[in-house]
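Enquirer: If you read the sequence shown in this note's numbering, its first letter stands for residue 6, the second for the next number, and so on.
Note that CB positions come from ideal geometry on N, CA and C, so glycine has one too.
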Amino acid sequence: MSTTVQQVLDKKGSGTHAVPPTATVMEGLELMATHDIGAVLVKDGERLVGIFTERDYARKVAIKGLSSKDATIGELMTPNVCTITPSHTIDDVMSIMTQNRFRHLPVVDHGKITGIITIGDVVKSVIAEHEATIQQLSSYIAGDIAT
Ligand code: AMP
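(1) What does the Cβ neighbour count give for H115, buried or exposed, with the cut at 16 atoms within 10 Å?
(2) Can you give me the Cβ contacts of G18 inside the same chain, cut-off strictly under 8 Å, excluding the 5 residues immediately before and after it?
(3) Just checking my contact of V10 with I89 at CB under 8 Å: how many whole Å lie between their CB atoms?
(4) Does the Cβ of A44 have 16 or more other Cβ atoms within 10 Å, making it buried, or fewer, making it exposed?
(5) Just to confirm my understanding: we take K74, look at its own chain, exclude 5 residues before and 5 after, and list those with CB closer than 7 Å. What are they?
(6) Just to confirm the assignment, what range does the beta strand (DSSP E) spanning H109 have?
(7) Mind reading off the beta-carbon distance from D61 to L81? Whole number of angstroms is fine, and I expect it under 8 Å.
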């Protein structure tokens, strides 16, 4: 997959959704529900300090019986967020996600967050590349038969 992260962001857009570490888990979940997303970035001002996903909610809040209204995102987020750059390829993204067993990768360009790539974006990109290959082969075969 030679498609780059930048090419995916060009189609998808560069929006990301973030909360401060002081936000409650409930506020994070509401943001996820409003935007139909599975993760929020955690930012202290402009600084990326963590990520909180639905999996964190399931494992660190629901199973442990914590209150979403009291627990803060800062207490439960994953710090040390792994990020990628716009020039990474979707192949790179697949390997980073597989090795680390997570499904969200914020994109950072010269210190600025310019988007987020999810496992869903990876799947869409793989399907689009396969469709393009099939299209090329079909045109080639049709051309061959016509000549
Ligand atoms: P996910 O599969 O993305 O829901 O995440 C699984 C676990 O990995 C959760 O504990 C997340 O907080 C964490 N996680 C997700 N994305 C990242 C990332 N880019 N860097 C570090 N940890 C992450």
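Expert: On the basis of the data shown:
(1) Along the sequence shown, one-based indexing puts residue 115 at 110. Burial call: exposed.
(2) By 1-based counting over the sequence shown, the position of residue 18 is 13. Answer for G18: G120, listed in chain order.
(3) Walking along the sequence shown from the start, residue 10 turns up at place 5. Walking along the sequence shown from the start, residue 89 turns up at place 84. Contact holds; Cβ gap of about 6 Å.
(4) Within the sequence shown, the letter at position 39 stands for residue 44. So A44 ends up on the buried side.
(5) Translated into the one-based positions of the sequence shown, residue 74 becomes position 69. Same-chain partners within the cutoff: T29, M31.
(6) Counting from 1 along the sequence shown, the entry for residue 109 is found at position 104. Its beta strand (DSSP E) spans residues 109 to 114.
(7) Start at 1 with the first residue of the sequence shown, and residue 61 comes out as number 56. Start at 1 with the first residue of the sequence shown, and residue 81 comes out as number 76. About 6 Å; that satisfies the 8 Å criterion.
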